[in-house]
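Residue numbers (our numbering): 37 to 371. Only one structure is covered here, and it is reproduced in the block below.
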Ligand code: DAH
């Protein structure tokens, strides 16, 4: 007959709740070892039945209480394992809410353009955003009462200070402070009294370029801008020059790039021209050299000044200039 020690051994050997259930069936199930003992009672002498019955009952009670105790232990252990597997540190930072800072697309492209020009021996120059008439207009050969001045929708303060209308003012500051030969680019903000829409803003970015040396021709300008456009668009793009008028260059030119959207076939972006007007420039006007105290017979140069936001919009496929300035994080998070 099964004894107390054997019952204990069977129950303690169970290492899982499933194994414990098997042990219970084996001991107390209908055909279990303890239950089967009861069936032996009928074959016994009546005098022995009472003591035998008491023994079997005691074994059954013992088995039951051991099963209960073991079950409690195994349940606690299972709970602990479950908690350990799915452990949650409620104090840990949520990776989904961690935002890594991004650069604005204007900054990203500007870094590339600066890189390109420093590789060609240019350095980065800057000037004040609040200018005076001399640097913004006069020295650029734009006389006071000349209609050309109206081209720039100029803001004036009551003291006749000018939030600069173009970065060309940095040309003057550079020519008056550095000795040629020189090569600079001047990125910066400019300001105009414009009605704001998808392609115009009252404050936008330009990148000015200026190279002064002994023998400088339109060919140098063309090559410089060609490589610049290729750099910005990530591949060579056909370009062409058209004559244009800017008081501070002679000849004045507009560089067009073949429309990158339709490859010259004509589409709504290029207004079916096949070309997009991209960068104005030209050869530095002799009068500008004179204004800055340089001899135009000794020095030649080229200059250009691109609307930089337009480059950023073309490069990254942004269709509305306001998106560059509305301060919404949805834009920068895409870069
Ligand atoms: N400053 C001119 C503007 O904002 C652009 C420009 C034209 C710059 C010709 C230049 C240049 O340096 O050579 O409209």
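C-beta atoms are modelled at their ideal positions from N, C-alpha and C, and glycine is treated no differently.
If you ignore the 5 residues before and after residue 204, its C-beta comes within less than 7 Å of the C-beta of 176, 244, 284, 341, all in its own chain and listed in chain order. Around the CB of residue 116, fewer than 16 other CB atoms lie within 10 Å, so the residue is classed as exposed.
In the structure shown, the three-state DSSP call for residue 342 is strand. Taking 7 Å as the cut-off, the Cβ atoms of residue 225 and residue 286 do not count as close. Nearest to residue 371 by alpha-carbon distance, out of 139, 130, 112, 114, is 139. Here the segment 337-352 lies against the segment 260-276, with 3 or more beta-carbon pairs under 8 Å apart. At a threshold of 6 Å, residue 182 does not count as near ligand 1, since its beta carbon sits no closer than that to any of the ligand's heavy atoms. Residue pairing from DSSP places residue 222 in a beta bridge opposite 244.
Taking non-hydrogen atoms of ligand 1 into account, the C-beta of residue 157 is found less than 6 Å away from none of them.
If the five residues before and after residue 178 are omitted, its C-beta is found closer than 6 Å to the C-beta atoms of 184, 185, 283, all from its own chain and listed in chain order. For residue 309, no beta strand (DSSP E) segment is defined, and its DSSP state is neither H nor E. Between ligand 1 and the CB of residue 236, the shortest heavy atom gap is not smaller than 6 Å. Per DSSP, residue 155 lies in no beta strand (DSSP E); the unbroken alpha helix (DSSP H) holding it starts and ends at 141-155. Below 8 Å, too few C-beta pairs join the segment 231-250 and the segment 267-282 to call them touching: fewer than three. Between residue 308 and residue 302 a beta carbon distance of about 4 Å is seen, short of the 8 Å cut, so the two are scored as contacting.
By the Cβ neighbour-count rule, residue 87 is exposed, with fewer than 16 other Cβ atoms within 10 Å of its own. In this structure, residue 328 lies near residue 212, with their beta-carbon atoms less than 7 Å apart. With a 10 Å radius around the Cβ and a threshold of 16 neighbouring Cβ atoms, residue 324 comes out buried.
Residue nearest to residue 105 within the set 155, 157, 51, 134 is 51 (criterion: CA-CA distance).
In this structure, the CA atom of residue 81 is about 27 Å from the CA atom of residue 41. Less than 7 Å separates the beta-carbon of residue 348 from that of residue 142. Per DSSP, reduced to three states, the secondary structure at residue 275 is strand. Proximity of the beta carbon of residue 316 to ligand 1 is indicated: a heavy atom of the ligand is located closer than 6 Å. With fewer than 16 other CB atoms across the displayed protein chains lying within 10 angstroms of its CB, residue 94 is exposed. Between residue 150 and residue 235, the C-beta gap is not smaller than 7 Å, which leaves the two residues out of contact. Proximity of the beta carbon of residue 340 to ligand 1 is indicated: a heavy atom of the ligand is located closer than 6 Å.
Just measuring C-alpha positions, the residue of 345, 173, 96, 132 sitting nearest residue 196 is 173. For secondary structure counted as the beta strand (DSSP E) over 3 or more consecutive residues, the segment 155-227 holds these complete runs in sequence order: 218-227. With respect to residue 222, residue 161 sits close: the two C-beta atoms are nearer than 7 Å.
Annotation for residue 256 indicates a beta carbon at 6 Å or more from all heavy atoms of ligand 1.
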